[in-house]
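Protein chains: 2
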Amino acid sequence: MTLVRNALGRMVPTEINKKLAVPFQGVGKHRPTGLKVGPEIPTGADFTESKLKQSIDEVLDCARLKDGMTVSFHHHLRNGDGLVNLVVDKLARRGVKGITLAPSALFPVHEPLVEHIKSGVVANIEGSMNGPVGRLCTTGGFRKTAILRSHGGRYRAIQDGDLHIDLAFIAAPSADSHGNANGVHGPSAFGSIGFALADSLYADKVAVVTDNLVPFPCYPWAIQGGNVDFVVQVDSLGDPEKIVSGTTKITTDPTRLKIARFAAELVRDTGLVEEPEFSFQAGAGGMSLAFVKYLGEFMRKKGVSAAFARGGSTQLLVDLLNEGIVKYILDGQCFDMAGIKSLAENPRHIDTNPFTSYCYHTKGCFAPKVKVSVLGATEIDVNFNVNVNTHSDGWLLHGIGGFQDTTDAYMTVITAPLARKTHPIVVKDVVTVTAPGEAIDALVTEHGIAVNPRRQDILERLKGTELPLVSIEELYDKATELIGGKRAPKPETTDRVVAAIEWRDGTVIDVVKQLVTESRE
Amino acid sequence: MTLVRNALGRMVPTEINKKLAVPFQGVGKHRPTGLKVGPEIPTGADFTESKLKQSIDEVLDCARLKDGMTVSFHHHLRNGDGLVNLVVDKLARRGVKGITLAPSALFPVHEPLVEHIKSGVVANIEGSMNGPVGRLCTTGGFRKTAILRSHGGRYRAIQDGDLHIDLAFIAAPSADSHGNANGVHGPSAFGSIGFALADSLYADKVAVVTDNLVPFPCYPWAIQGGNVDFVVQVDSLGDPEKIVSGTTKITTDPTRLKIARFAAELVRDTGLVEEPEFSFQAGAGGMSLAFVKYLGEFMRKKGVSAAFARGGSTQLLVDLLNEGIVKYILDGQCFDMAGIKSLAENPRHIDTNPFTSYCYHTKGCFAPKVKVSVLGATEIDVNFNVNVNTHSDGWLLHGIGGFQDTTDAYMTVITAPLARKTHPIVVKDVVTVTAPGEAIDALVTEHGIAVNPRRQDILERLKGTELPLVSIEELYDKATELIGGKRAPKPETTDRVVAAIEWRDGTVIDVVKQLVTESRE
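Top to bottom, those sequences are chains A and B. Residue numbers are given in numbering that gives the first Met the number 0: position 156 of the first sequence equals residue 155, and the series is strictly consecutive. Residue numbers are given in numbering that gives the first Met the number 0: position 182 of the second sequence equals residue 181, and the series is strictly consecutive.
1. V108/A to G79/A, Cα distance in whole Å?
2. Could you tell me whether the Cβ of K18/B comes closer than 9 angstroms to any Cβ of chain A?
3. Could you tell me whether the region 395-405 of chain B touches the region 138-149 of chain B, where touching means 3 or more Cβ pairs closer than 8 angstroms?
4. List, from N- to C-terminal side, the beta strand (DSSP E) runs of 3 residues or more that fit wholly inside the region 369-407 of chain B.
5. Which residue from I424/B, T516/B, T137/B and G43/B puts its Cα closest to that of N226/B?
6. Kindly indicate if chain B contains any beta-carbon less than 9 angstroms away from that of R30/A.
7. Under 8 angstroms, CB to CB, which of the residues in the region 456-474 of chain A have a partner in chain B?
8. Within a Cβ cutoff of 8 angstroms, which residues of the same chain sit near E39/B, ignoring the five residues on either side of it in sequence?
9. Indicate the three-state DSSP secondary structure (helix, strand or coil) for V113/B in the structure shown.
10. Does the distance from the CB of D318/B to the CB of I349/B come in under 9 angstroms?
11. Using a Cβ-Cβ distance under 9 angstroms, would V205/B count as near chain A?
12. Is the beta carbon of V507/B less than 9 angstroms from the beta carbon of N123/B?
13. Which of the three DSSP states, helix, strand or coil, is assigned to I192/A?
14. Which of the residues in the region 357-371 of chain A, read from start to end, lie with their CB under 9 angstroms from any CB of chain B?
15. Given a cut-off of 9 angstroms, decide if S173/A and C136/A are closer than it, judged by their beta-carbon atoms.
16. What is the DSSP secondary structure of D350/B, counted as helix, strand or coil?
17. Which residues bound the beta strand (DSSP E) around R4/B?
18. Three-state secondary structure (DSSP) at E459/A?
19. Against chain B, which members of the region 315-335 of chain A pass a CB distance test of less than 9 angstroms?
20. With DSSP run on the structure shown, which of helix, strand or coil describes T47/B?
21. Using a Cβ-Cβ cutoff of 7 angstroms, what residues of the region 404-423 of chain A are near chain B? List them in chain order.
22. With which residues is R309/A paired in a DSSP beta bridge?
23. Less than 6 angstroms between C-beta atoms, sequence neighbours within five positions excluded: which residues of the same chain meet that for V469/B?
24. Using a Cβ-Cβ cutoff of 7 angstroms, what residues of the region 93-112 of chain B are near chain A? List them in chain order.
25. Output the boundary residues of the beta strand (DSSP E) element that contains Q232/A.
26. Could you pull the start and end residues of the beta strand (DSSP E) that S287/A belongs to?
27. Output yes if chain B places a C-beta closer than 9 angstroms to the C-beta of V36/A; else output no.
28. Where are the beta strand (DSSP E) runs, 3 residues long or more, that stay fully inside the region 197-270 of chain A, in chain order?
29. Please go through the same chain and pick out, in chain order, the residues whose beta-carbon is closer than 7 angstroms to the beta-carbon of L458/B, but skip the five residues on each side of it.
30. Using a beta-carbon distance cut-off of less than 8 angstroms, what residues from the region 498-516 of chain B approach chain A?
31. From P467/A, T431/A and G463/A, pick the residue whose C-alpha is nearest to that of L7/A; which is it?
32. Leaving aside the five residues before and after R503/A along the sequence, list all residues of the same chain whose C-beta is less than 6 angstroms from its C-beta, in chain order.
33. Between which two residues does the beta strand (DSSP E) carrying G447/B extend?
34. Can you tell me which of the three DSSP states K512/B falls into?
35. According to a CB-to-CB cut-off of less than 9 angstroms, which residues of the region 206-238 of chain B neighbour chain A?
36. I'd like the span of the alpha helix (DSSP H) that includes T479/B, first residue to last.
Below, the structure is given as structure tokens:
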């Protein structure tokens, strides 16, 4: 594997799994060539019989299985998912080998994949790995190089032909026999099913799996029957308790509340909230929720409203929608039952997918229309490069999610406590770069707010405010102090690249190398 | 031009405008090869500036105009459209020559195109031609061979790469600066904007033209900003009075009422209405409306409901939806204000487009899910072949619309008076075949109902009913009698093929030849 230095100075390969790879060239610098994928032209003549299959096994019988194929899933079932393990078990029993899995994300529930990777059924993962599978990857347990992409990057890769899917499984809380499907109705309802859109449009074969077969027409048809080959009814898609936790709660930790309040004050004091096109995005973590709560209070006080909020939707965001402080929710995923219900019922709560929201290879997605994104991170360095994938000890335990895509906002704000136990958030050089410093605009900690000096326009907006503005270097020093002055050395790795981190435009922004470890796995 | 005999015995070309053409091979017999179109991969880096252009002229400045390019439009503005003439006038003034226009349909309001065709600005039309432009085509006034396609066929042709669009104009009653657009809101609201979907997905450059620019997000976003290059605000899209006539009225003509009633009795007596998946489609003509009215009455009496109705929506259909006799309307176009309002407000009134409804080159569209289609025709022959394009005197005055696509229904019923003035509806051999007899299941006239003998299953359903069943030959004889025994000879044509009629799978089902005429044009 030949490594070259990319625009961030990171050493990245020029070829991954025998395909050309382009080193990161800076935000907006890489220009794509070629054509989007043109899938095979199907004909209605092949679909005069029912698409209903009796079982996953019958789908596999019909799907022309072969070694080395790529099978995809989406992650809306989260840690309650029962489908990935079921299908891969069946593939294993059929003796299929060398599969690439292309899930939008994996969770701890997918730990059984570890055995299938070790046995060679699964050769690689192109997708987010939260937990045990990422742990295996870090220790060099994959036969190939894993590829991590953002939500928008995954759509891009499928659309651009970098990720060809042979067989896509789409777990659908509601579907009809034609294959029309959505995520908002039914016992396993999880809300938006948008992460599966690209799979439905571009995979060779598409199987919709549902525990709630409804009469035609299943509507909304976020997934359209015209793209679907097979429909299978199953008893259950997984564990509904774990699909939607229902426990998205505002933090009560005073430090985190302070950070959230600083972030909300930062947004307020930029004056953005008073502009007619104001909009914001925040996640479902306890601190993000607190940020939304404070921001809502400030907006209520000022009598202003946001043109839209980008969800991850929660009860809190739904309340702001119903109150009129937020005019629309553009939702990418629902984090609680209130979000799901609102998406199903409120016409101002809009279902989105990675094409509309995040894909960089469109004639514009709406990510740059978001004025403020507030995000978490595991590390940020003095150049504002951010790591959300690996821990400071080198373990690859998190996917990118929409992180890279949301940095397209006018102001991207990282919120984090300055130190977690002995781990400082601000470092000289992040272990892994998920997003380049040029895309990150501010870091908010309990010890002050550092605005990226590249953003003089934001600093200009903040003149005369009482915000605790500091430099990132000051935060670095403060962090060092907090952990007692003793920074841990960088984790020790071998030369083997176990995973590549793609920037949202398909270039390689960084790699993860195999960790030298004493059998932690 | 080499002509060969197709599966219906019609002589059709093997090449049209220097592209290969496939002769019709029978319903469901032609198997497509190759890939759907993969449009150029765009990048968000090219869309960081506003897409808003000051004028159509600025769009044309940006659009890299060249002679021979293909420019497309959609026809939801119908005879109130102001955009096609405006744009083509501007192209003419810029000296562009040899353009192919690819409108989904043209109307009498587009008569000014006649001059642009004569002057060479426009070389050809691939699209439906209702009225003056069709008249010009019939007399050999085009430089190339026109191509007529059904709604589904047009989507297919664009998707399959048979019809490449360089620049698409999408007239939108509501749009935002990102290019998200719909047809349901605003002063020029016309309802579904579905006919423009393929253009937005596959054209090189896409311009949304609106008289109602709304703040982001314009929702529903039937047209998505990620596919749009330019947005232009104009004072008016056309004449709202003519966009939606508002005068869709049930016929009062006793003969037509009788036919409509026979058709409704036919549907009732098949027993289909009592089956849980019953559904129907009917247009907005006076006789079609009468059919819907009678059918609704029968269904009310029986206490049954339809799983869905396929619109063209009208007040009448909306009333059935609100009453619960129809569970969903799957709407392709709105024919009156009641239809538009219902589409905008009622979640059971579903917006469709030719991909979901009609395109044959999908993994199934919903056309075959419709149980009964009731359609008009200009001619039908004793083999049940139907002509909706040319009049019996050879003039090409009508497009295909969704006609071919709707014949995919379980039972396709043609309703027509047995003779119009001196023109019998039943002939030995239609002037032009729009749909093959194998796709047509019954002809309902005031003198009886002829069921296609191919459909023994339908005849079986009708055993013991009191319907006035007759053979098509009896209707032929009766028609001859009605016009005094004197059938007009076939119109006299030259050998020149002026237009090709494509079947919905892209094969050539028939051609229109240049009419020998004494300067009727």
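No residue lacks a Cβ here, since even glycine has one placed at the ideal position from N, Cα and C. Source: prediction; values computed, not measured.
In short:
1. 7 angstroms
2. no
3. yes
4. 371-374 and 378-380
5. G43/B
6. yes
7. none
8. D203
9. helix
10. no
11. yes
12. no
13. coil
14. C358, Y359, H360, T361, K362, G363, C364, F365, A366, P367 and K368
15. no
16. strand
17. L2 to R4
18. helix
19. K326, Y327 and L329
20. coil
21. none
22. Q280/A and L329/A
23. G447 and A449
24. none
25. F229 to Q232
26. Taken as a continuous stretch (DSSP letters only), S287/A belongs to no beta strand (DSSP E), being part of the alpha helix (DSSP H) at G285 to K301.
27. yes
28. 204-209 and 229-232
29. V450
30. D504
31. T431/A
32. S149, G151, G152, Y359, Q403 and D404
33. G447 to V450
34. strand
35. P214, F215, P216, Y218, P219, W220, Q223, G224, G225, N226, V227 and D228
36. I471 to L481
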